[in-house]
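Just below is one structure, and these are the notes that go with it.
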Amino acid sequence: MKIENRITTTNFGQIYIVSNEAHKLLRKADRAVKASNAEFINTNIPEGHKRPLWSVLSELIIKRQQNNPNNIIIDLADKAKQLLSIKTIDKKGYLISKYEVNPLPIEGNHNDIFPTNDLYKHYRQSLDPKLYGKSDLFDILDRAEYEVDKLLQKQLEETQQIKVSIRELPKISRREKHPEIILNPRRIEKARLKIIAHTQKPFENLNKMLNLSEKAEKLQPKNKQKLPRKTKKQFNKNI
-6 MKIENRITTT
4 NFGQIYIVSN
14 EAHKLLRKAD
24 RAVKASNAEF
34 INTNIPEGHK
44 RPLWSVLSEL
54 IIKRQQNNPN
64 NIIIDLADKA
74 KQLLSIKTID
84 KKGYLISKYE
94 VNPLPIEGNH
104 NDIFPTNDLY
114 KHYRQSLDPK
124 LYGKSDLFDI
134 LDRAEYEVDK
144 LLQKQLEETQ
154 QIKVSIRELP
164 KISRREKHPE
174 IILNPRRIEK
184 ARLKIIAHTQ
194 KPFENLNKML
204 NLSEKAEKLQ
214 PKNKQKLPRK
224 TKKQFNKNI
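Residues in the sequence shown are numbered from -6 upward in steps of one, following this note's numbering.
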């Protein structure tokens, strides 16, 4: 399986139309159905309606799939052949299935629309002058919707329901502190560094004192011994 990341715009609930060309082709199919005089049978037409109109079916898919996280993607497969690509993708973006279908209605006699190998039935249906029609788009979308519904059911079965307990947890008694038990290694290391700093402090103070004394000796001026003035005068007279 591969992941599809081409979803750029959201146009419906859980069904997305990727390109504007796909929009145009669906509107063209609706105009063709409205202009047709054929009787549509064996087509999954919504209850209460007679024609397979995309505008009607899309609204019903929105209501039915509004709570489904899985998606149905509609994109243009081939513009020349007027083909649409119908993909079913799960909620994680993985491709589940892919179909290609022409949304334009098919018209013809009963044998052209619903061929049979029964010769008697084939002969009886060939006498029917009515114009019949069918829409393969409705059949494909019905299959795609069935797949995303089954996928949602499987996802719900696999999802375990979380039960909220109201029971109180038992209180945990605090452990008694013991000097041999290191409760917080960082705190122990911090205390160890403080102890080392405290034991080294007297030596640092002594070192500072020694350094200061050496500096004081160097800065101390030299003291010259001088004789008293009277003694000096008497000494000079005697000479």
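Ideal placement from N, C-alpha and C gives every residue a C-beta, glycine not left out.
{"Check": "Buried versus exposed, by CB contacts within 10 Å (16 or more), Lys127", "Outcome": "buried"}
{"Check": "Rounded straight-line distance, which links the Cα of Ile65 to that of Ala31", "Outcome": "29 Å"}
{"Check": "Selected residue, minimal CA-CA separation from Leu50, among Asn60, Asn35, Ala73, Leu19", "Outcome": "Leu19"}
{"Check": "Leu76 versus Ile67: straight-line alpha-carbon distance, rounded", "Outcome": "11 Å"}
{"Check": "Assumed close pair Val141, Thr81 - CB separation to whole angstroms, cut-off 8 Å", "Outcome": "6 Å"}
{"Check": "Backbone CA spacing between Asn60 and Ile54 [nearest angstrom]", "Outcome": "11 Å"}
{"Check": "Contact under 7 Å by Cβ, Ala22 with Ile79", "Outcome": "no"}
{"Check": "Sequence-distant residues of the same chain with beta carbon closer than 7 Å to Thr3, five excluded per side", "Outcome": "The predicted position of Thr3 is uncertain, since its pLDDT is 39 and thus under 50; no value can be drawn from it."}
{"Check": "Contained alpha helix (DSSP H) runs [length at least 4] in the region 52 to 122, N- to C-terminal order", "Outcome": "103 to 106, 112 to 119"}
{"Check": "Host beta strand (DSSP E) of Ile10 (start-end)", "Outcome": "8 to 10"}
{"Check": "Test item: CB-CB of Glu14 and Leu69 under 7 Å", "Outcome": "yes"}
{"Check": "Sequence-distant residues of the same chain with beta carbon closer than 8 Å to Ile267, five excluded per side", "Outcome": "Outside the modelled stretch of the chain, which goes from -6 to 232, sits residue 267, for which no answer is possible."}
{"Check": "Burial state of His291, where buried means 16 or more other Cβ atoms lie within 10 Å", "Outcome": "Since the first and last residues shown for the chain are -6 and 232, residue 291 lies out of range."}
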